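Peer 1: Protein chains in written order, with this note's numbering: chain R, 21 to 250; chain G, 21 to 250.
Quick reminder that beta carbons are idealized off the backbone N, C-alpha and C, glycines included.
Quick caveat, the model's predicted, so the values are computed rather than measured.
Structure below; questions to follow.
2 protein chains.
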Amino acid sequence: MGKTQNIKLAVDAVVFGYQNNQLYVLLIKQRFGIAKGLWSLPGGFVLNNESLTQAVERELHEEAGIKVNYLEQLYTFGDDVKRDTRNHTVSVAYFALVNPTKWTLKADTDAEDAQWFPITKIPKLAYDHNKIVKVGIERLKGKLTYQPIGFDLLDKEFPFSDLEHLYTTILGKEIDRRNFRKKMLSFDILQETNKMKKVGSGRPAKLFTFNKQKYNALVKDGFHFEIKYV
Amino acid sequence: MGKTQNIKLAVDAVVFGYQNNQLYVLLIKQRFGIAKGLWSLPGGFVLNNESLTQAVERELHEEAGIKVNYLEQLYTFGDDVKRDTRNHTVSVAYFALVNPTKWTLKADTDAEDAQWFPITKIPKLAYDHNKIVKVGIERLKGKLTYQPIGFDLLDKEFPFSDLEHLYTTILGKEIDRRNFRKKMLSFDILQETNKMKKVGSGRPAKLFTFNKQKYNALVKDGFHFEIKYV
């Protein structure tokens, strides 16, 4: 049975970036094939001797010239056997985050162009990629509340207000600022630096960093990060 | 590039069943191939015109003669390119639950035998299936706390103590019985029936059913099921 299987396996990535209080997703313009000229998620067929993770990292490097901060599997799309009209193609979609230092894109190989699109302005994408983006956004919203992944979208050192804006922007709702700050600091996973940064017209704000070692140690002891209902 | 791809696509299922305060996983004994005689998860190659969900439902029917109550994607295993020594094979693993009315198994096709194994007594399985089972158990433990999936493992009508035992057994820890009952009933998703059942040596206990319509309506209004820290 396996011998005659004619199903292609692809990987695609929903890569999120965040700047100036706006959430972005990385899209590439297809240079070849049936989706030529259309915007789509970066991705492509898995090579024979490649792991799925290697495939998605290679595609992100080739098509957009970037390396992500955070990568995890999102969902495997294979219930619509016509999602690619050429051939039954199953796509293992990944969810990725990059921070502003890796913001610069460089389109190459199958990509004619690579750009960050605000998630409020995503065009009609090739294949079922609009659906995949939607699933990615849901995952991001969910994860923000129970895993400290927001830090992967921020500069290494950030004023506290950046973290607060990131939550309000992505979750799309107001939060109680005082509760949020109290709760976030109570976890003891943020470290104050000696540096200050001028934010807007206010006085300079202290910069923080996320202490990942500390977080990992806490998790081993049963700690659960949770930013719900703030 | 797609033309020469030589990667096989399979589905596998981690099916959980629960009886007499014990959690079980469904295993089949391989009749053919390199894993002949070994126990493994039910599953197999996806057919060309089949969706992933159809493939896993077909395999469960063929190899074990069952239809599950609950099915969702678990994870796609494809980072170890040698997980099947014959050919690079990527497996989309599913997570499934069955209740006692569907407990009877019937091995056929690729399966020489099909049996329920207590999760404390799982043998060395074919391929990387022990790892997949482990991921399935983690998913089950996690989901029990934020989704009312425990009901898919119980009889349609059950004494409250069965639900309580299910949580303590699967989560592997004692719970505060009084808090658990109070919280579970406060959600207003359990419906009392007029029936009673004798449990152990005590007096007959009232039977409950899970009101799924009610739950779905509550979710639409923003309700979050949560059984943590009880």
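So if I threshold CB-CB distances at 8 Å, which residues from the segment 183-199 of chain R count as touching chain G?
Peer 2: Residues: none.
Peer 1: What residues match up with I48/R in a beta bridge as DSSP calls it?
Peer 2: Answer is S60/R, A134/R, bridged to I48/R.
Peer 1: What is the DSSP secondary structure of E194/R, counted as helix, strand or coil?
Peer 2: It is coil, neither helix nor strand.
Peer 1: Once DSSP output is grouped into helix, strand and coil, what is the label at P179/R?
Peer 2: P179/R: strand per DSSP, three-state reduction.
Peer 1: Just curious, the alpha helix (DSSP H) that K151/G is in, first and last residue?
Peer 2: Counting along the chain, the alpha helix (DSSP H) containing K151/G begins and ends at 149-166.
Peer 1: Could you tell me whether the Cβ atoms of D71/G and V101/R are closer together than 7 Å?
Peer 2: The sequence as given places Ser at residue 71/G; Asp does not occur at that position. A contact, by the Cβ cut-off of 7 Å.
Peer 1: Pick from F171/R, Y147/R, T140/R: whose alpha carbon is nearest that of I157/R?
Peer 2: Minimum Cα distance to I157/R is reached at T140/R.
Peer 1: Under the three-state reduction of DSSP, which class applies to L174/G: helix, strand or coil?
Peer 2: Looking at L174/G - three-state DSSP - the assignment turns out to be coil, as it is neither helix nor strand.
Peer 1: The ligand FMN and I169/R: does the residue's C-beta get closer than 6 Å to at least one heavy atom of that ligand?
Peer 2: Looking for the ligand FMN in the displayed structure turns up nothing, as the structure carries no ligands at all.
Peer 1: Comparing C-alpha positions only, which one of D208/G, Q211/G, L210/G, D182/G sits nearest to R197/G?
Peer 2: Of D208/G, Q211/G, L210/G, D182/G, the residue nearest in Cα terms is D182/G.
Peer 1: For a cutoff of 7 Å on Cβ pairs, would you count N236/R as touching chain G?
Peer 2: It does not: the Cβ of N236/R has no partner Cβ on chain G nearer than 7 Å.
Peer 1: Candidates A30/G, T24/G, G37/G, V31/G: which alpha carbon is nearest L173/G's?
Peer 2: When each option's Cα is compared against that of L173/G, the closest is G37/G.
Peer 1: For the segment 213-224 of chain R against the segment 34-50 of chain G, are there 3 or more C-beta pairs whose distance is under 8 Å?
Peer 2: Flag = no, the segment 213-224 of chain R and the segment 34-50 of chain G do not touch.
Peer 1: Along the chain, where does the alpha helix (DSSP H) containing T73/R start, and where does it finish?
Peer 2: First-last of the alpha helix (DSSP H) with T73/R: 72-84.
Peer 1: Could you give the C-beta distance for P138/R and Y44/R, rounded to a whole number, given that I count them as a contact under 8 Å?
Peer 2: At roughly 6 Å, the Cβ-Cβ gap stays under 8 Å, so P138/R and Y44/R are in contact.
Peer 1: Give the straight-line distance between the Cα atoms of I27/G and G192/G, rounded to the nearest whole angstrom.
Peer 2: The straight-line gap from Cα to Cα measures roughly 39 Å.
Peer 1: List, in chain order, every chain R residue whose beta-carbon is nearer than 7 Å to that of L164/G.
Peer 2: Per Cβ cutoff of 7 Å: no residues; L164/G is ~15 Å from chain R at best.
Peer 1: Do the CB positions of T229/G and K176/G come within less than 7 Å of each other?
Peer 2: Yes, these two residues count as a Cβ contact at 7 Å.
Peer 1: Could you tell me the alpha carbon to alpha carbon distance between M204/G and F171/G, rounded to whole angstroms?
Peer 2: One C-alpha to the other measures close to 12 Å.
Peer 1: Expressed to the nearest angstrom, what Euclidean distance is found between the alpha-carbon atoms of G22/R and D148/R?
Peer 2: Reliability of the predicted coordinates at G22/R is poor, the pLDDT of 43 falling under 50, and the value obtained from them is presented with this limitation in mind. Rounded to whole angstroms, G22/R to D148/R spans 27 Å at the Cα level.
Peer 1: For I54/G, is the classification buried or exposed, using 16 other Cβ atoms within 10 angstroms of its Cβ as the cut-off for buried?
Peer 2: Label assigned to I54/G: exposed.
Peer 1: Could you check where the beta strand (DSSP E) with K217/G kicks off and where it finishes?
Peer 2: Unbroken beta strand (DSSP E) run through K217/G: 210-217.
Peer 1: Hey, could you find the ends of the alpha helix (DSSP H) L125/G is sitting in?
Peer 2: Per DSSP, L125/G belongs to no alpha helix (DSSP H) and is neither H nor E.
Peer 1: Please state whether the Cβ-Cβ distance between L153/G and Y114/G is less than 7 Å.
Peer 2: With the sequence shown as reference, residue 153/G is identified as Val, and Leu is not the correct amino acid for it. Cβ distance not < 7 Å, so V153/G and Y114/G don't count as in contact.
Peer 1: Please report the distance separating the alpha-carbon of N69/G from that of N40/R.
Peer 2: Taking the straight line joining both Cα atoms gives about 46 Å.
Peer 1: Considering only the alpha carbon of each residue, which of F52/G, F245/G, K49/G, E79/G lies closest to V112/G?
Peer 2: When each option's Cα is compared against that of V112/G, the closest is E79/G.
Peer 1: Quick one: grab the DSSP three-state call for S206/G.
Peer 2: Residue state, collapsed to three classes: helix.
Peer 1: Which of the residues in the segment 82-106 of chain R, read from start to end, lie with their CB under 9 Å from any CB of chain G?
Peer 2: Hits within the stretch, in order: Q93, Y95, T96, F97, G98, D99, D100, V101, R106.
Peer 1: For N119/R, is the classification buried or exposed, using 16 other Cβ atoms within 10 angstroms of its Cβ as the cut-off for buried?
Peer 2: With 16 or more Cβ atoms within 10 Å of its Cβ, N119/R is classed as buried.
Peer 1: Could you name the residues of the segment 52-74 of chain R whose beta carbon sits closer than 9 Å to any beta carbon of chain G, in the order they occur along the chain?
Peer 2: So the close ones are G64, F65, V66, L67, N68, N69, E70, S71, L72, T73, Q74.
Peer 1: Answer yes or no: does any C-beta atom of chain G fall closer than 7 Å to that of G22/R?
Peer 2: Because the pLDDT at G22/R is just 43, under 50, the model does not fix this residue reliably, and the value given afterwards should be weighed accordingly. By this cut-off, G22/R is an interface position.
Peer 1: For the segment 136-148 of chain R, enumerate the residues whose C-beta is nearer than 8 Å to any C-beta of chain G, in chain order.
Peer 2: Cβ contacts with chain G: none found.
Peer 1: Of all the residues that make up the segment 23-43 of chain R, which are near chain G by a beta-carbon distance shorter than 7 Å?
Peer 2: Correct list: Q25, N26, I27, K28, L29.
Peer 1: According to the Cβ coordinates, are T96/G and T96/R closer than 7 Å?
Peer 2: Going by C-beta atoms, T96/G is nearer than 7 Å to T96/R.
Peer 1: Does any residue of chain G have a CB that is nearer than 7 Å to the CB of V112/R?
Peer 2: Answer yes: the Cβ-Cβ gap between V112/R and chain G drops below 7 Å somewhere.
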